[in-house]
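A.B. asks: Dropping a structure here in structure tokens format, bear with me for questions.
4 protein chains.
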Amino acid sequence: MKNVAIIGGTGYGAIELIRLLHAHKHLQVKKIISHSQFGERITSVYPHLTGFVEEPMEKLEIDNLIEEVDIIFFATPAGVAKDLIPKFADSTVQCIDLSGDLRLRSKEQYEQWYGKEAAPQEILNQAVYGLSEIYQEQVKEAKIISNPGCFPTSALLGLIPALEHNVITPNHIVIDGKTAVSGAGRTPTATTHFSETNENITPYKIGKHQHIPEIDQTLSEIAQETIHTTFTTHLIPMTRGLICTMYAELARDISTEEVIDQYQTYYVNHPFVRIKEIGIFPTTKDVYGSNFCDIGLHVDERTNQLIITSAIDNLVKGAAGQAIQNANLMNGWEETEGLDAIPIFP
Amino acid sequence: MKNVAIIGGTGYGAIELIRLLHAHKHLQVKKIISHSQFGERITSVYPHLTGFVEEPMEKLEIDNLIEEVDIIFFATPAGVAKDLIPKFADSTVQCIDLSGDLRLRSKEQYEQWYGKEAAPQEILNQAVYGLSEIYQEQVKEAKIISNPGCFPTSALLGLIPALEHNVITPNHIVIDGKTAVSGAGRTPTATTHFSETNENITPYKIGKHQHIPEIDQTLSEIAQETIHTTFTTHLIPMTRGLICTMYAELARDISTEEVIDQYQTYYVNHPFVRIKEIGIFPTTKDVYGSNFCDIGLHVDERTNQLIITSAIDNLVKGAAGQAIQNANLMNGWEETEGLDAIPIFP
Amino acid sequence: MKNVAIIGGTGYGAIELIRLLHAHKHLQVKKIISHSQFGERITSVYPHLTGFVEEPMEKLEIDNLIEEVDIIFFATPAGVAKDLIPKFADSTVQCIDLSGDLRLRSKEQYEQWYGKEAAPQEILNQAVYGLSEIYQEQVKEAKIISNPGCFPTSALLGLIPALEHNVITPNHIVIDGKTAVSGAGRTPTATTHFSETNENITPYKIGKHQHIPEIDQTLSEIAQETIHTTFTTHLIPMTRGLICTMYAELARDISTEEVIDQYQTYYVNHPFVRIKEIGIFPTTKDVYGSNFCDIGLHVDERTNQLIITSAIDNLVKGAAGQAIQNANLMNGWEETEGLDAIPIFP
Amino acid sequence: MKNVAIIGGTGYGAIELIRLLHAHKHLQVKKIISHSQFGERITSVYPHLTGFVEEPMEKLEIDNLIEEVDIIFFATPAGVAKDLIPKFADSTVQCIDLSGDLRLRSKEQYEQWYGKEAAPQEILNQAVYGLSEIYQEQVKEAKIISNPGCFPTSALLGLIPALEHNVITPNHIVIDGKTAVSGAGRTPTATTHFSETNENITPYKIGKHQHIPEIDQTLSEIAQETIHTTFTTHLIPMTRGLICTMYAELARDISTEEVIDQYQTYYVNHPFVRIKEIGIFPTTKDVYGSNFCDIGLHVDERTNQLIITSAIDNLVKGAAGQAIQNANLMNGWEETEGLDAIPIFP
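Residue numbers (the UniProt record's numbering), protein chains in the order written: chain A, 1 to 346; chain B, 1 to 346; chain C, 1 to 346; chain D, 1 to 346.
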């Protein structure tokens, strides 16, 4: 049994880690660190945890963590992990960062899109981008993981097989993202205020979402040329779930059946990606509470476009679930350990 | 005061007409015709109408209608209006069809996309496509109106100014549609079942939505060349509201400010279209219960794309509201008569 | 045309007043006063008002208001109106307070339940409790109106006819309140945070809701004996709508039909109260966006209880709508002026 | 490992059993029986099960079941299990009925409230009412379990400790039930139609809900006198979750702290009941997806009433979860086996 610390104890990332790790055979949550509420029990914030986590949350103490835990999950706001992770550099502690701090290899890009100073270059060099299905071999060797964003996870898993197989051209890729509100976290704001978010579709951060460079960076690496995607995001009146609908120009004549076949082959050893049959498109509820990414495909012959829909639970495959999947890979455990639950439906 | 009959009395289109016409100075609902429930009071189906409509619904009798009413709104399922409207051909009754029966000029297209026999050619020739802002002059002269679909209304109002001004190229236009559930009508089905629709995003009719040829037909007319758009639709867990997010390649260098300026000029005499300022994108709740179409614009310099979001209430500007707007134009009344309400918020 | 000022311009009460007054023949909104955002346009906060209200919000200036407006609606947080209304005492300006400041006749009660100093006694003496259907005659003569709370409006209209007619005994009255989230106002808080409010039922303020003494005060006056009701409130995942389900011991043998009959007679001259037929119970959507209060009744013979359900739109009959209804009564206009809209459905 | 059959394979009860049993150490689903869709894969109805259940659903064959399975869960509509269970009387197969067929001991009552012929008397005699916490000893010895209804589970667990300890009097008990829509099952109807259920509170079956006699029967047994409760139900716009708010007259002077203390003692050995601290009331989301019943308590001194709120997930503790809890008890396994998951939040 390895010991886990979660830093950022009062956010949604943290409680989803707690929920999922409860079923994990090799990992146990030893410490929950909260900057703002140490000393309090987490159940005073999250009564659903009553009976599961009764110890008070703790203050961050680096030495203490190095001594007592094996893995740290950073479920912290942007700008925190980049300053903390270097402090564990000389220890054996595995660090998995759920924030965006280590996702962009270019310090300039981070500073431009996040508006903060970037992580030290040596940490960026060390960090592996934990899109588990795509970078599985690198993850297995990693000590620091930069866990992907929710939109990039959905978009990249949906686009990469077609891009790698030259089914689509890298230009004109459009990604229309739709996300549940929990992606915005736990701090109440005008855009997460029930009365205005309910019964509403809200486009937001058009042209300036920090997931744009993250998606483009990985697609460019895969295609080995610079790719700029057009990416938009919409807030949908629901708590969990995220779908990207993607449009890309076909590079050659191909039928929907053939594309589906290619995707099924591509992901054959990846239990968390499920490719839908022809004419079936995933809904977000198909993956609710689970680590699955369900992908639907359609060749639009009228317009020579491949239409891809890719659905995940933004808090699981888009955050805590993929983080645990990466921990499994890093430690040589079954990839599905702790994540083998059936989605909750309806 | 002119007399109105509504055919299809128990659908959402009908009750939205009743709601809006209640505030109309020149129109009064004289007859509500229901094929399945004539003889019953509409309040047994829709208790919210108690005190407003107490007469029983009636059976369809053509002669009777010709004698007693001046305008008929057809809020009927696909395939009904095309058989009925010819029967009013020799009368002076104005016919406004909210179904899709008269929207496609090509009988072949109708038969292909709707799977039913098309309307007679002479009726198709006579019918004016009632996208009020664009075909205002033709609507004023019309006796038969084919009221546009909800997605086409949103998409076309959003795209046409850019297309007409050659701001965008006609290729690669992508329209990602997101709609509330009321667009599916009143008949309970698996896809409108609360437990499965709630907390869910459901892509549907990918590549085969009957609004595709309707959009392409109008865009092609405007551009005077054949245009095929890529169009998808997603069911969103809310009752009312629809937004299309659109992506089109810029044909020339232009700033967001200039595009906004062009749109504002284009719609300056059209009170129901509101162009948002730079950086602001409409939400569906901004137009809830009203006849507005709110449009947001963004030039994405990274990808040379124009991003357009266009929000309407699917039951008002996307159906009953635009039908009344057309009735106003046909009869020389104020375009806003009966439609001058503030959207309901929150 | 009389001129209106609304104080508290950025709350939901204010924008609902603006929406409803837009259709009013005798009232026009002349000034919108905002303490926190004067100088700004209200459309920067509420884009749905674009084209309707373009003047900037103003700072409060008493003299100015006395000169320029005839009626002031106070849509202010608790504790504000009680200090402002005295300043208009010597003017002819009619004051309608939508907050709870003037609702409790006892200064001690106010201080106990609201935790603030009460209004001056002379103002409390002057203020008429504007439950329009019940205190119609007093409202007609009033210059200061204390507009009822949302729960009290629903509960009192549902209970009073039975209480007055001695159909029920005054003991053991239970009122189970269920409200939409907009009742909590516009300030984002943990209890209005979408991710936690959605898909959730939240009991709140059990035993300490400030509407308890307001309900008891009026029932006690009607019954001419002290009544203590048991009252609870639950937050429901929706934006608008409120229902009270009420339980009271029958004082005598009576059938559901007879009770319904009594209620219909009681409210026969009150157009905003609609009594449902036997076996039919109102839903909140039946009154959405309207000033109606729909009431359903059932005699439970097994337990000798009268069960009453009373549904309103919390922002209309529970706030802005009833305030306008009171303004109509105070000025001798049609009671329904500006309020004669059909509920929005679905 | 014991083998399970689920009869009624396409309902929500069945798929929730499948979801929960997936984590069970001693039970595996061997057969899914569907009357209407045998031969089909369940994933064609429920795509979220892709990869978990791929065998086709089967036709009901009694002999075959007796041979191959150890436990049958009947997730069937009313009127089905009562005819099937007698056929397993001579076998060793354990039968757990999630429908209401065996819940009422009196055949007359069943026929009156369900409108169907009752089960044979010998089956009714044999069936144990599986309210696990209350009838634990009887459940351990049972071969046939009548699994309680969702409302009765919530109401009874909330009321029984106070009733048994004579904290409350048995008269005037009021139970105000509020439930998510999934309780209505999978068949689309007008009352589960998204557009009308969303943004709405719908009181239903007032005075005639079949859970009334079920609640009264158990309370009467506990109190050893005839009890008639007043019980109402309201449909709430959410998918999962149920809460009963209950009101009962205090039989003696007691503080909230003392009542909480009594409840904590009462349920000390029952891991699925969590009693909230003073001033805290459970929300349905606190138990989402889990087998917990969370109970909040408040002594209302003003009215001498005990107010109890009791929250469950209607599909888990209110159906499939409690059924598995009963199977655990019947077979001598850990009561929490397969049910030890943290509620999903947010």
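Ideal Cβ positions, reconstructed from N, Cα and C, are used throughout, including at glycine.
Cβ closer than 8 Å: which chain C residues qualify as neighbours of Val181 (chain A)?
C.D. replies: Chain C residues near Val181 (chain A): Phe194, Ser195 and Asn198.
A.B. asks: For Ala190 (chain A), which residues in chain C fall below 7 Å Cβ to Cβ?
C.D. replies: Near Ala190 (chain A) (Cβ distances below 7 Å), the residues of chain C are Pro188.
A.B. asks: I'd like to know whether the C-beta atoms of Ala75 (chain C) and Gly11 (chain C) end up nearer to each other than 8 Å.
C.D. replies: A contact, by the Cβ cut-off of 8 Å.
A.B. asks: Could you name the residues of chain C that Thr346 (chain B) contacts, counting a contact when the two beta carbons are closer than 7 Å?
C.D. replies: Checking the sequence, you will find Pro at residue 346 (chain B) rather than Thr. Under the 7 Å cutoff, chain C gives Tyr12, Ser182 and Thr239.
A.B. asks: If you draw a straight line from the alpha carbon of Val45 (chain C) to that of Thr232 (chain B), how long is it in whole angstroms?
C.D. replies: Answer to the nearest angstrom: the Cα atoms are 32 Å apart.
A.B. asks: Identify every residue that forms a DSSP beta bridge with Met238 (chain C).
C.D. replies: Beta-bridge pairing links Met238 (chain C) to no other residue.
A.B. asks: Residues in its own chain within less than 7 Å of Tyr110 (chain A) by CB, not counting five upstream and five downstream?
C.D. replies: Hits under 7 Å: Leu104 and Ala118.
A.B. asks: Within the continuous beta strand (DSSP E) that includes Tyr171 (chain A), where are the two ends?
C.D. replies: Before going further, note that residue 171 (chain A) is Asn rather than Tyr in the sequence given. Where Asn171 (chain A) is concerned, there is no enclosing beta strand (DSSP E), given that its DSSP letter is neither H nor E.
A.B. asks: What three-state label does DSSP hand Asn125 (chain D) in the structure shown?
C.D. replies: The answer is helix: DSSP assigns Asn125 (chain D) an H, G or I state.
A.B. asks: Taking the alpha carbon of Glu301 (chain D) as the reference point, which residue from C:Thr230, C:Lys178 and C:Leu65 has its own alpha carbon closest?
C.D. replies: Closest by alpha carbon: C:Thr230.
A.B. asks: Identify whether Phe345 (chain D) lies in helix, strand or coil by the three-state DSSP scheme.
C.D. replies: Three-state DSSP puts Phe345 (chain D) in coil, outside helix and strand.
A.B. asks: Can you tell me the Cα-Cα spacing of Gly100 (chain B) and Glu214 (chain B), whole angstroms?
C.D. replies: So the two alpha carbons sit approximately 9 Å from each other.
A.B. asks: Would you list the one or two residues that DSSP bridges to Asn3 (chain A)?
C.D. replies: Paired residues: A:Gln28.
A.B. asks: Using a 10 Å radius around the Cβ and a threshold of 16 neighbouring Cβ atoms, would you call Asp216 (chain A) buried or exposed?
C.D. replies: It counts as buried.
A.B. asks: Who are the near neighbours of Glu257 (chain C) in its chain, counting only those whose CB is closer than 8 Å to its CB and skipping five residues on each side?
C.D. replies: Around Glu257 (chain C): Ile278.
A.B. asks: Would you say the beta carbon of Glu249 (chain A) comes nearer than 7 Å to a heavy atom of the ligand ZN?
C.D. replies: No copy of the ligand ZN appears in this structure; indeed no ligand is present at all.
A.B. asks: Anything in chain A within Cβ reach of Arg41 (chain D), meaning under 9 Å, just list it in chain order.
C.D. replies: Within 9 Å Cβ-Cβ: nothing; Arg41 (chain D) doesn't reach chain A, min ~11 Å.
A.B. asks: Could you tell me which uninterrupted alpha helix (DSSP H) segments, each at least 4 residues in length, are contained entirely in the segment 131 to 197 of chain D, listed from first to last along the chain?
C.D. replies: Complete alpha helix (DSSP H) runs here, min 4: 136 to 141, 150 to 164 and 194 to 197.
A.B. asks: One question on the structure: do Ile85 (chain B) and Asp70 (chain B) come within less than 8 Å of each other, judged by their Cβ atoms?
C.D. replies: Cβ atoms of Ile85 (chain B) and Asp70 (chain B): not closer than 8 Å.
A.B. asks: Return the CA-CA distance between Ile134 (chain D) and Ala142 (chain D), expressed in angstroms with no decimal places.
C.D. replies: Whole-angstrom Cα-Cα distance: 14 Å.
A.B. asks: Using a Cβ cut-off of 7 Å, pull out every chain B residue sitting near Phe281 (chain A), in sequence order please.
C.D. replies: Ordered by position in chain B, the residues that pass the 7 Å Cβ test against Phe281 (chain A) are Pro203 and Ile206.
A.B. asks: DSSP on His48 (chain A), reduced to helix/strand/coil?
C.D. replies: His48 (chain A): helix per DSSP, three-state reduction.
A.B. asks: How far does the alpha helix (DSSP H) with Thr256 (chain C) in it reach, from first residue to last?
C.D. replies: Taken as a continuous stretch (DSSP letters only), the alpha helix (DSSP H) holding Thr256 (chain C) covers Thr256 to Tyr266.
A.B. asks: Of all Cβ atoms in chain C, is any one closer than 8 Å to the Cβ of Asp261 (chain B)?
C.D. replies: Answer no: the Cβ-Cβ gap between Asp261 (chain B) and chain C never drops below 8 Å.
A.B. asks: CA-CA distance, Leu235 (chain D) and Asn200 (chain C)?
C.D. replies: Looking at the two C-alpha atoms, the distance is approximately 13 Å.
A.B. asks: My assumption, with CB atoms under 8 Å, is that Val287 (chain C) sits in contact with Ile312 (chain C). Please give the rounded CB distance.
C.D. replies: Sure, about 6 Å apart at Cβ, within 8 Å.
A.B. asks: Would you mind giving the Cβ-Cβ distance between Thr309 (chain A) and Pro282 (chain A), rounded to the nearest angstrom? I have them listed as a contact below 8 Å.
C.D. replies: Contact flag correct, Cβ pair sits at about 6 Å.
A.B. asks: Skipping 5 residues on each side, what residues in its chain have a beta carbon closer than 7 Å to that of Asn3 (chain A)?
C.D. replies: Here the set comprises Gln28, Lys30, Glu68, Val69 and Asp70.
A.B. asks: Three or more C-beta pairs under 8 Å: does that hold for the segment 326 to 342 of chain B against the segment 167 to 187 of chain A?
C.D. replies: Short answer: they don't touch.
A.B. asks: Nearest by alpha-carbon distance to Gly289 (chain C): which of C:Leu297, C:Leu339, C:Pro271 and C:His270 is it?
C.D. replies: Checking every option, the nearest Cα to that of Gly289 (chain C) belongs to C:Leu339.
A.B. asks: Measuring alpha carbon to alpha carbon, tell me which residue in D:Ser195, D:Pro170, D:Ile173 and D:Gly185 is nearest Gly183 (chain B).
C.D. replies: The shortest Cα separation from Gly183 (chain B) among D:Ser195, D:Pro170, D:Ile173 and D:Gly185 belongs to D:Ser195.
A.B. asks: So with Cβ pairs under 8 Å, would you call Lys285 (chain D) a contact of chain C?
C.D. replies: Yes, because at least one Cβ of chain C sits closer than 8 Å to the Cβ of Lys285 (chain D).
A.B. asks: Is there a Cβ from chain D that is less than 8 Å from the Cβ of Leu297 (chain A)?
C.D. replies: With 8 Å as the cut-off, Leu297 (chain A) does not count as an interface residue toward chain D.
A.B. asks: Could you tell me whether the Cβ of Tyr247 (chain A) comes closer than 8 Å to any Cβ of chain B?
C.D. replies: Chain B contact via Cβ: present.
A.B. asks: Helix, strand or coil for Asp253 (chain B) per DSSP?
C.D. replies: Note: Asp253 (chain B) maps to coil in three-state DSSP.
A.B. asks: On the premise that His22 (chain C) lies in contact with Ile6 (chain B), defined as a C-beta separation below 8 Å, what is that separation, rounded to the nearest angstrom?
C.D. replies: That belief does not hold up - the Cβ atoms of Ile6 (chain B) and His22 (chain C) are roughly 26 Å apart, past 8 Å.
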